[in-house]
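K.L.:
Residue numbers for the sequence shown follow the working numbering, so the first one is 3 and each next one is one higher.
Each residue gets a CB set at the ideal place from its N, CA and C atoms; glycine is no exception.
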Amino acid sequence: MKVYEVLIEYTSSNLDRLFSYFYEKDDPIQLLSRVIVPFNNKLVCGVVININQVNETKEEYIKKTGFEIKNISSVIDKEPLLNEELANLSLEIANYYFAPRISVFFSMLPPSLKPKLSSQNKPKIAYESFVKVIDNNIDNLTKKQIDLLNKISTQQTIKKSECPTSILSSLIQKNKVEIFKKEKNRMFFETIEKTEKLTLNEEQKECFDKILNGTKDTYLLEGVTGSGKTEVYLQVAEEIIKKQKTVLMLVPEISLSYLMVKRFMQRFERVAILHSKLTPSQRYDEYRRIKQGQVDIVIGARSAVFAPLENIGLVILDEEHSETYKQEDQLPYYHALDVIKMRQKYHNFKIILGSATPSLETKSRALKGIYEQLYLKKRINNLPLPKVDIVDLTNKNNISSESALLSNSLIEAIKNRLTNHQQSILLVNRRGHSPYVSCRECGYVIKCPNCQVALTYHYMNNKLICHHCNYEVDMITKCPKCNSNKVFKGGFGTEKIELEIKKIFPEARVLRLDSDITRKVNLTNKIINDFSNNEADILIGTQIIAKGHDFENVTLVGIVLADIGLAIPSFRANERTFNLITQAIGRSGRAKKGEAIVQTYNKNNFVIKTACRQDYMSFYATEIKLRKLLNNPPYTFMCLLLISGKKYDEVEDASDEVKRYLQTKFNEIENVFIVGPSEMFIKKLNDLYRKKIILKYKDYNIVKPVINDLMLFFAKKRNLSLIINVNPHEDY
Ligand SMILES: [Zn+2]
Ligand SMILES: [Zn+2]
Ligand SMILES: [Zn+2]
3 MKVYEVLIEY TSSNLDRLFS YFYEKDDPIQ LLSRVIVPFN NKLVCGVVIN
53 INQVNETKEE YIKKTGFEIK NISSVIDKEP LLNEELANLS LEIANYYFAP
103 RISVFFSMLP PSLKPKLSSQ NKPKIAYESF VKVIDNNIDN LTKKQIDLLN
153 KISTQQTIKK SECPTSILSS LIQKNKVEIF KKEKNRMFFE TIEKTEKLTL
203 NEEQKECFDK ILNGTKDTYL LEGVTGSGKT EVYLQVAEEI IKKQKTVLML
253 VPEISLSYLM VKRFMQRFER VAILHSKLTP SQRYDEYRRI KQGQVDIVIG
303 ARSAVFAPLE NIGLVILDEE HSETYKQEDQ LPYYHALDVI KMRQKYHNFK
353 IILGSATPSL ETKSRALKGI YEQLYLKKRI NNLPLPKVDI VDLTNKNNIS
403 SESALLSNSL IEAIKNRLTN HQQSILLVNR RGHSPYVSCR ECGYVIKCPN
453 CQVALTYHYM NNKLICHHCN YEVDMITKCP KCNSNKVFKG GFGTEKIELE
503 IKKIFPEARV LRLDSDITRK VNLTNKIIND FSNNEADILI GTQIIAKGHD
553 FENVTLVGIV LADIGLAIPS FRANERTFNL ITQAIGRSGR AKKGEAIVQT
603 YNKNNFVIKT ACRQDYMSFY ATEIKLRKLL NNPPYTFMCL LLISGKKYDE
653 VEDASDEVKR YLQTKFNEIE NVFIVGPSEM FIKKLNDLYR KKIILKYKDY
703 NIVKPVINDL MLFFAKKRNL SLIINVNPHE DY
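(1) By DSSP's criteria, G560 is part of a beta bridge. Which residues make up the other side?
(2) For H460, which three-state DSSP category applies?
(3) Taking buried to mean at least 16 other C-beta atoms within 10 Å of its own C-beta, is P679 buried or exposed?
(4) Ligand 3: which residues have Cβ under 6 Å from any of its heavy atoms, chain order?
(5) Should S75 be counted as a contact of ligand 2 given a C-beta to heavy atom distance under 7 Å?
(6) What number of angstroms, rounded off, separates the C-alpha of E304 from the C-alpha of Q332?
(7) Please list, in chain order, all residues with a C-beta atom less than 6 Å from at least one heavy atom of ligand 2.
(8) Is it buried or exposed for G295, if we count other Cβ within 10 angstroms and need 16 for buried?
(9) For K218, which residues from the same chain have a beta carbon less than 6 Å from its beta carbon, with the 5 sequence-adjacent residues on both sides left out?
(10) Can you give the Cα-Cα distance for F21 and T666, rounded to whole angstroms?
(11) Does DSSP put P571 in a helix, in a strand, or in coil?
(12) Which residues in the same chain have their Cβ closer than 7 Å to the Cβ of R381, if we skip the five residues on either side of it in sequence?
(13) Is the distance from the Cβ of Y235 to the Cβ of I354 below 8 Å?
(14) So who's on the other strand from C481, going by DSSP bridges?
(15) Return the residue from the list H277, V393, L222 and E86 that minimises the CA-CA distance to Y603.
(16) Taking DSSP as the reference, what is the three-state secondary structure of Y473?
(17) My output table needs one value for I610: the three-state DSSP class, helix, strand or coil.
(18) Using 10 angstroms around the beta-carbon of M619, count the other beta-carbons present and answer buried if the total reaches 16, otherwise exposed.
(19) To test your reading of the DSSP string, which unbroken beta strand (DSSP E) runs of 3 or more residues are found completely within the region 162 to 242?
(20) What residues are listed by DSSP as bridge partners for P40?
(21) Measure the C-alpha to C-alpha separation of M477 and K504 and round it to an integer number of angstroms.
(22) Tell me, please, whether the region 132 to 151 touches the region 188 to 205 by the rule of three or more beta-carbon pairs shorter than 8 Å.
(23) Just the C-alpha distance for P360 and H323, rounded to the nearest angstrom, thanks.
(24) Below 8 Å, how does it come out for the region 569 to 581 and the region 642 to 650: are there three or more Cβ pairs, yes or no?
(25) If you draw a straight line from the alpha carbon of K328 to that of N607, how long is it in whole angstroms?
(26) Exposed or buried, G68, counting other C-beta atoms within 10 Å across all chains shown (16 or more means buried)?
(27) List the residues that DSSP assigns as beta-bridge partners of N418.
(28) Going by DSSP in three states, K379 sits in which element: helix, strand or coil?
(29) Would you kindly report the start and end of the unbroken alpha helix (DSSP H) that includes E7?
(30) So what does DSSP say about I51, is it helix, strand or coil?
(31) From what residue to what residue does the beta strand (DSSP E) around I292 run?
(32) Entirely within the region 318 to 373 and at least 3 residues each: give me those beta strand (DSSP E) ranges in chain order.
(33) Which residue spans inside the region 519 to 555 form an unbroken beta strand (DSSP E) run of at least 3?
(34) Mind checking D287: buried by the 16 CB within 10 Å criterion, or exposed?
(35) Looking at M682: is its Cβ nearer than 8 Å to the Cβ of F100?
(36) Might you give, ordered along the chain, the residues of its own chain that have their beta carbon closer than 8 Å to the beta carbon of V660, omitting 5 neighbours on each side?
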């Protein structure tokens, strides 16, 4: 008799173990296939992880184990969900990130294949009917029937839907043709004309040779936008494919990487695309094409790192510094590069990390020689970098009389662009109208009841919205505390700048892009297209507008307040701000000579100064010293322990307890640092109080078992939870 050990679909960490079931029907069950099982009086989906042959009868076995063992109700898959490599990978990720293994399966698989009960309502394989000829003899056929038979015969097969129904059915009746089904791909690829490869310049050629012939397994390809990284990717990929191997290409966000995807489609035939904005049927179809070995290249966002490619010869991580490569909105909190390195052990491929501003971790590894450092220093089109002016906002004389938020020089520059029919971009890295609303009489600030953070005023719908849990209420006219009507809208966001700009330039055509808008995908594409087509003069937006897009007619970028990100209590705040400013400035002058105006209260801050000079190396040199001084990555590895619960006292006590426990464990050990407990930046989120402890260490193997013990300890606690985030990006 067989006992099936099943992982069920709940992601709670105390259910992250195997449950035993019998199966009494005859059809075989494959390892790693989905089954429906009874669990707590409900039917749930699960994955078969082990199948054990036992000698006892069912009754004997139940008696022996002392557990009631139920039967699997039904079997979903006829074949395993994952091959051996990916199955082992799921285990490695679960262990490395302290995540329930089922959550790893969720990240790895498209909606139709996720081990969830709800996946059964997701798209299945679609078929299309075709007609083919089985008998060419035209005796006793009508003229119309002969015509159709000839048509099918010359085209070999033809879609059933293209044949007139009545003529077709008589041909079928006479055994002249037959209908057969083929899998249909619901992915839509626009027809793209193929292009020839470009001639590499000297720098590109050198990088190309080193990647293909070098002995290192990872290459940092560092070069500003426009230096020709893509052509190097394309030509290395071509060589790899010639050797019958496959290529995985990751981009930060597919919607921002349209040009990159297009260039790959222009060069290669067998390409699949994977990202979360595809429909579930498209994701399923693309996934199956990859699994069946029908593609050479997969291009996709973060989760494409799990593409079921065989025989991978090359992985490209474009814009490797991008934070979108770290998943932190759901378990597992994995980083694509960590997963790539895990897969590398199996496939033995080469990795290219591409960036103009590499992450501090990557750059330091390249400087140490762990990665091979490659440079592309020339811009292909020889355009100079934009001219950057820093405006000191502490000097009142610089502020315009028309708006307290904009400087004279920025307004002049916009005016100038409007006259010359050129476009401007204004970066405002905060959405909404005003980030807080308070009472001028008593000082009361309107806060979210769930999160204890100030609510943001939104002009668009006259609401106060929490940007952390989406709680919303109507805008107030009177102070809820003292009833005064002196309600004050503090600070500014994209909406307020939009209003100011429209007031100053009533004739200008203004568009706004921020995540209040990008939630509607179609609108995002429309705004980007309209702006590209010169149907607007000014685009105002958050960091979304700083990334990726090439707007040829933009010759001015204004950064309304460069300091916004610097105040966030994260060790990555400087790096993030540097990247944002350099990227934003880079939007100016893609095709013509450009200019950027950066408004700041901190004109001497090294982040602002180096970013405005587009001087990555100077930024790196200073920032890396700070990292060393504070024992932050890349000098250590980091792990965030987030303790949360409904009662503040319990959270506080538990945090102190964790701290004491860690201290006893790491007391004598060098190079393990415990920081905290301290409040999270958002102290209370979704009605849960949150405290954090940060562990910094050099050797993961020393801290891992201790964290494991803590996880087990917390699994028993009812009102508290412990979330582990390894190498966190949101560490605040
Ligand atoms: Zn908002
Ligand atoms: Zn008041
Ligand atoms: Zn909230």
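P.N.:
Let's see:
(1) Position 558 of the sequence shown, counting from 1, holds the residue named residue 560. According to DSSP, G560 bridges with L428 and I599.
(2) Position 458 of the sequence shown holds residue 460. H460 falls in the strand class under three-state DSSP.
(3) The sequence position of residue 679 within the sequence shown is 677, counting from 1. Classification of P679: buried, given that the 10 Å Cβ count is 16 or more.
(4) Selection output, chain order preserved: C450, N452, C453, C468, H470, C471 and Y473.
(5) Looking up residue 75 in the sequence shown gives position 73. For S75, the distance from the CB to the nearest heavy atom of ligand 2 is not below 7 Å.
(6) Along the sequence shown, read from residue 1 onward, the residue named residue 304 stands at position 302. Along the sequence shown, read from residue 1 onward, the residue named residue 332 stands at position 330. Looking at the sequence shown, residue 304 is not Glu but Arg. If I take the Cα positions, the gap works out to 13 Å.
(7) Qualifying residues come out as C441, E443, C444, Y446, C481, K483, C484 and S486.
(8) Walking along the sequence shown from the start, residue 295 turns up at place 293. It is exposed - the Cβ of G295 has fewer than 16 other Cβ atoms within 10 Å.
(9) Here residue 218 corresponds to residue number 216 of the sequence shown, with the count starting at 1. Here the set comprises E374.
(10) Translated into the one-based positions of the sequence shown, residue 21 becomes position 19. Translated into the one-based positions of the sequence shown, residue 666 becomes position 664. Rounded to the nearest whole angstrom, the CA to CA distance from F21 to T666 is 35 Å.
(11) For the purposes of this step, residue 571 is identified with residue 569 of the sequence shown, where counting begins at 1. Of the three classes helix, strand and coil, the one that applies to P571 here is coil, per DSSP.
(12) Residue mapping note: residue 381 aligns to position 379 of the sequence shown, counting from 1. Contacts found: V226, G228 and S229.
(13) If you number the sequence shown from 1, residue 235 lands on position 233. If you number the sequence shown from 1, residue 354 lands on position 352. The criterion of a C-beta distance shorter than 8 Å is satisfied by Y235 and I354.
(14) Numbered from its first residue, the sequence shown carries residue 481 at position 479. The secondary-structure analysis by DSSP pairs C481 with nothing; it has no beta-bridge partner.
(15) Your numbering for residue 603 matches position 601 in the sequence shown. Of H277, V393, L222 and E86, the residue nearest in Cα terms is V393.
(16) As a working mapping, residue 473 is identified with position 471 in the sequence shown. Y473 falls in the coil class under three-state DSSP.
(17) Here residue 610 refers to the residue found at position 608 of the sequence shown. Look at I610 here: in three-state DSSP terms it is helix.
(18) Looking up residue 619 in the sequence shown gives position 617. M619 comes out exposed.
(19) For the region 162 to 242, whole beta strand (DSSP E) runs of length 3 or above, ordered along the chain, are 179 to 185 and 220 to 225.
(20) Here residue 40 is taken as the residue at index 38 of the sequence shown, counted from 1. Paired residue(s): L45.
(21) Here residue 477 refers to the residue found at position 475 when the sequence shown is read from its first residue. Here residue 504 refers to the residue found at position 502 when the sequence shown is read from its first residue. Their Cα atoms are separated by approximately 23 Å.
(22) Result no; under three Cβ-Cβ pairs closer than 8 Å.
(23) One-based indexing of the sequence shown puts residue 360 at position 358. One-based indexing of the sequence shown puts residue 323 at position 321. Straight-line Cα distance between these residues: approximately 5 Å.
(24) Inter-segment contact for the region 569 to 581 and the region 642 to 650 is absent: fewer than three beta-carbon pairs are separated by less than 8 Å.
(25) Taking the first residue of the sequence shown as position 1, residue 328 is located at position 326. Taking the first residue of the sequence shown as position 1, residue 607 is located at position 605. For K328 and N607, the gap between their C-alpha atoms comes out near 28 Å.
(26) Counted from its first residue, the sequence shown places residue 68 at position 66. Counting C-beta atoms within 10 angstroms of its own C-beta, G68 has fewer than 16 neighbours from the protein chains shown and is therefore classed as exposed.
(27) Looking up residue 418 in the sequence shown gives position 416. In the DSSP secondary-structure assignment, N418 is not bridged to any residue.
(28) To locate residue 379, count along the sequence shown from 1; it is residue 377. Here K379 sits in coil by DSSP.
(29) The residue given as residue 7 occupies position 5 in the sequence shown. From DSSP, E7 is part of no alpha helix (DSSP H) but of the beta strand (DSSP E) over K4 to I10.
(30) Numbered from its first residue, the sequence shown carries residue 51 at position 49. In this structure, DSSP gives I51 an extended state, which the three-state scheme calls strand.
(31) Stepping through the sequence shown from its first residue, residue 292 is reached at position 290. Secondary structure note for I292: it is in no beta strand (DSSP E), and the uninterrupted alpha helix (DSSP H) holding it is P282 to K293.
(32) Taking 3 residues as the shortest admissible run, the region 318 to 373 contains the following complete beta strand (DSSP E) segments, listed from N- to C-terminal end: 352 to 357.
(33) Counting whole runs of 3 or more residues, the region 519 to 555 contains the beta strand (DSSP E) stretches 540 to 543.
(34) Working through the sequence shown from its first residue, we reach residue 287 at position 285. Counting of Cβ neighbours within 10 angstroms places D287 among the buried residues, the total reaching 16 or more.
(35) The residue you call residue 682 lines up with position 680 of the sequence shown. The residue you call residue 100 lines up with position 98 of the sequence shown. In this structure, F100 does not lie closer than 8 Å to M682 by Cβ.
(36) For the purposes of this step, residue 660 is identified with residue 658 of the sequence shown, where counting begins at 1. In the same chain as V660, and ignoring 5 residues on each side of it, the C-beta atoms closer than 8 Å to its own belong to L643, I645, P679, I695, L712 and L724, in chain order.
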